[in-house]
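**Student:** Per the working numbering, residue 280 is the first one in the sequence shown, and the count goes up by one each step. Even for Gly, the Cβ is constructed at its ideal location relative to N, Cα and C. The following block contains the structure, expressed as structure tokens.
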Amino acid sequence: MFALIFLFLFQSQATPPIHGQILDMNRNPLVGVTIRVNQQKLYSDAEGHFTLKSKLNKGNFTFSAIGYKSKTQYLEASERELTILLLEQKPEIRQQP
Numbered sequence: 280m281f282a283l284i285f286l287f288l289f290q291s292q293a294t295p296p297i298h299g300q301i302l303d304m305n306r307n308p309l310v311g312v313t314i315r316v317n318q319q320k321l322y323s324d325a326e327g328h329f330t331l332k333s334k335l336n337k338g339n340f341t342f343s344a345i346g347y348k349s350k351t352q353y354l355e356a357s358e359r360e361l362t363i364l365l366l367e368q369k370p371e372i373r374q375q376p
């Protein structure tokens with residue numbers, strides 16, 4: 280009986296996941312964005328969604344994708360889905376002297 284009570288209390292205090300969606304400035308989902316936090320790495324899915332299930336429910340997240348500016352943002356677990364917007368990285372044009 281004690282084990283069941285302990286298990287129930289442990290599960291009720293479980294850390295909620297951090298979840299969100301990564302979009303471009305036109306609100307289109309970005310697939311395969313690399314997400315780094317607390318020495319962990321994950322990727323956004325086909326709809327730009329990601330979920331981090333960890334004992335840590337907050338941290339500095341770094342989002343990076345080819346053709347987009349990297350973005351670092353502090354996030355905490357939330358009941359709502361977070362939305363992350365990435366800006367396109369414009370190619371630099373260098374003029375020859």
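If you reduce the DSSP assignment to three classes, tell me which class K369 lands in.
**Tutor:** Along the sequence shown, one-based indexing puts residue 369 at 90. Coil at K369, not helix or strand.
**Student:** Flag this pair as yes or no: are the beta carbons of I363 and I297 separated by less than 8 angstroms?
**Tutor:** As a working mapping, residue 363 is identified with position 84 in the sequence shown. As a working mapping, residue 297 is identified with position 18 in the sequence shown. No.
**Student:** Report the residue from T341, K348 and S333 whose alpha carbon sits nearest the alpha carbon of M304.
**Tutor:** If you number the sequence shown from 1, residue 304 lands on position 25. The option with the nearest alpha carbon to M304 is K348.
**Student:** Which same chain residues, not among the five before or five after D324, have their C-beta less than 8 angstroms away from its C-beta?
**Tutor:** Looking up residue 324 in the sequence shown gives position 45. Within the same chain, D324 has close Cβ partners V310.
**Student:** Pick from N317, F342 and G327: whose alpha carbon is nearest that of L335?
**Tutor:** Here residue 335 refers to the residue found at position 56 when the sequence shown is read from its first residue. L335 has its Cα closest to that of N317, out of N317, F342 and G327.
**Student:** Using a threshold of 8 angstroms, state whether the C-beta atoms of L354 and K337 are closer than that.
**Tutor:** Start at 1 with the first residue of the sequence shown, and residue 354 comes out as number 75. Start at 1 with the first residue of the sequence shown, and residue 337 comes out as number 58. It is a contact, given that the beta carbons lie within the stated cut-off.
**Student:** With H, G and I counted as helix, E and B as strand and the rest as coil, what does DSSP make of E360?
**Tutor:** Stepping through the sequence shown from its first residue, residue 360 is reached at position 81. Coil.
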